[in-house]
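Peer 1: Take a look at this one; I'll ask things after.
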Amino acid sequence: MDKLLLIPGPSPVHPRILDALAEPTVSHVSPEMAVDLSAALENLKKTVFCAGGEPFIIAGAGTLAMEIALLNVIAKGDRVLVLSQGYFGDRMGQICDSFGIPNDVVRSPWGSAVRPDELAGIIARKSHAAVSVTHVDTSTGACAPIREYSDLLKGTGILYIVDGVCATGGVEERMDDWGIDVILTAAQKCYGAPPGLALDVFSERAMAKRRGLSSVPAYYSDILRWLPIMKDPLKYFSTPCVNEVRAFAEATRMMLEEGMEARFVRHAKIARAFRAALAALGFTFFTEEAYFADTLSVVRYPAGIEDKAFRSALGKNGVVVAGGLAETSGKVFRLGHMGNLAFDQVMFAVEAVEKTLRSLGYPFGSETGVQAADAQLI
Ligand code: PMP
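Shown next, in the form of structure tokens:
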């Protein structure tokens, strides 16, 4: 039986995208490839509402996209402010450390995000050239107020980097309007494509910063080596993963057919449906309500339900969820609800949770979760 993959990425891949992936491999410098890479790049910009900047699609994953974002806009001596609400925010600090980039990591308690007034206080000291923030941290399910941050950063000259790996394409990110300089993300989450691509969109200001740097501590991650290929995919730098790019192009076509606004609304609706169902069944949430994300939920068990037994029984009922990361390990499960998820898949998952609880001897009224979810989806 195919299992419904509701981990925080990869998300389930739609048959249309799988079909594109299975097309014959063509030369990486062929006209066929050029059509798809160019379309994917153009569409990628549309998904983040960017008119002027430069998009990059490079074989790798989200962590490479993080490196690319950072290494191309930091000059020697620049200091980076990392706002971290969890595991992946901390990773940005680790990447800085690995490259000897001076940085300050400001952490929120897990389950919330750094408050805008804290950011205001720090940037008033004028010691940072760039701020990096995780939009939705996959470890905690907390969504940061990136729009409020952007209001504070506008006009300061500080570059604004957003890690959208668990958000871009599912939660609104308006690069031009909000003055974001780099959005980094990956194919396997809200874009609903298979894993394997690092995605970065640089604003004109971020491109100007890169062009002003005589060198960066990178070779494969240097966007100026990739720029000629992104402009003209018939040129060669390093072999792109042809099939992945074609699948991603199809994924972005599906997104634009749905419409970005409709896509955000669908994500919000599905998030509400899952949370209503889980709450009705006695689960609670690790994340503070004010920071709930539309792309995933981090869920605490009702008394008497044990993590491994629950996840393993749920898997047998056809739904795969993830365990907690770091300090939440064994205490929560992480439910991804992003990408191309349809309402009937949501209902299937809620029924599977009910079946699982029943098999573990946990009492609840008949169809409690199903009814709660259904009420949100109509
Ligand atoms: N940032 C965030 C917010 C993530 O959720 C992840 C992956 N879960 C990453 C970065 C790293 O992405 P990858 O695993 O594709 O390297």
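Using the numbering used here, the first residue of the sequence shown is number 361, and each one after it goes up by one.
Cβ coordinates follow ideal geometry from the N, Cα and C atoms, glycine included.
1) Do the CB positions of R671 and G684 come within less than 8 Å of each other?
2) Have a look at R485 and P462 and give me their C-alpha separation to the nearest angstrom.
3) Could you tell me if T644 is buried or exposed, where buried requires 16 or more neighbouring beta carbons within 10 angstroms of its beta carbon?
4) Hey, out of S689, I589, A382, whose CA is closest to E666's CA?
5) Could you round the C-beta distance between L743 and T423 to whole angstroms and report it? I think they count as a contact, below 8 Å.
6) DSSP on L397, reduced to helix/strand/coil?
7) Residues in its own chain within less than 7 Å of L431 by CB, not counting five upstream and five downstream?
8) Rounded to whole angstroms, what is the Cα-Cα separation between A527 and D592?
9) For the alpha helix (DSSP H) that Y509 lies in, which residues bound it at each end?
10) So A380 and R606 are supposed to be a Cβ contact under 8 Å. How far apart are they, rounded?
11) Taking 7 Å as the cut-off, is the C-beta of G422 nearer than that to any heavy atom in the ligand PMP?
12) Could you tell me if the beta carbon of A416 falls within a distance shorter than 7 Å of some heavy atom in the ligand PMP?
13) Would you call the stretch 514–531 and the stretch 624–638 touching, i.e. three or more CB-CB distances under 8 Å?
14) So what does L641 bridge to, in DSSP terms?
15) To the nearest angstrom, report how far apart I483 and L441 are at their CA atoms.
16) Return yes when at least one heavy atom of the ligand PMP lies under 7 Å from the C-beta of P743, else no.
17) Here's the rule: buried if 16 or more other CB atoms are within 10 angstroms of the residue's CB, otherwise exposed. What is K676?
18) On the DSSP bridge assignment, give the partners of F652 in chain order.
Peer 2: Taking the definition as stated:
1) no
2) 16 Å
3) exposed
4) S689
5) No information on residue 743 is available, as it lies outside the stretch 361 to 738 that the chain covers here.
6) helix
7) F459, V576, P577, A578, S581
8) 29 Å
9) 506–513
10) 5 Å
11) yes
12) The question names Ala, but residue 416 is Phe in the sequence shown. False, no ligand heavy atom lies under 7 Å from that Cβ.
13) yes
14) The partner list for L641 (beta bridge, DSSP) is empty, contrary to what the question assumes.
15) 9 Å
16) Since the first residue shown for the chain is 361 and the last is 738, residue 743 is missing from the structure and cannot be characterised.
17) exposed
18) A502
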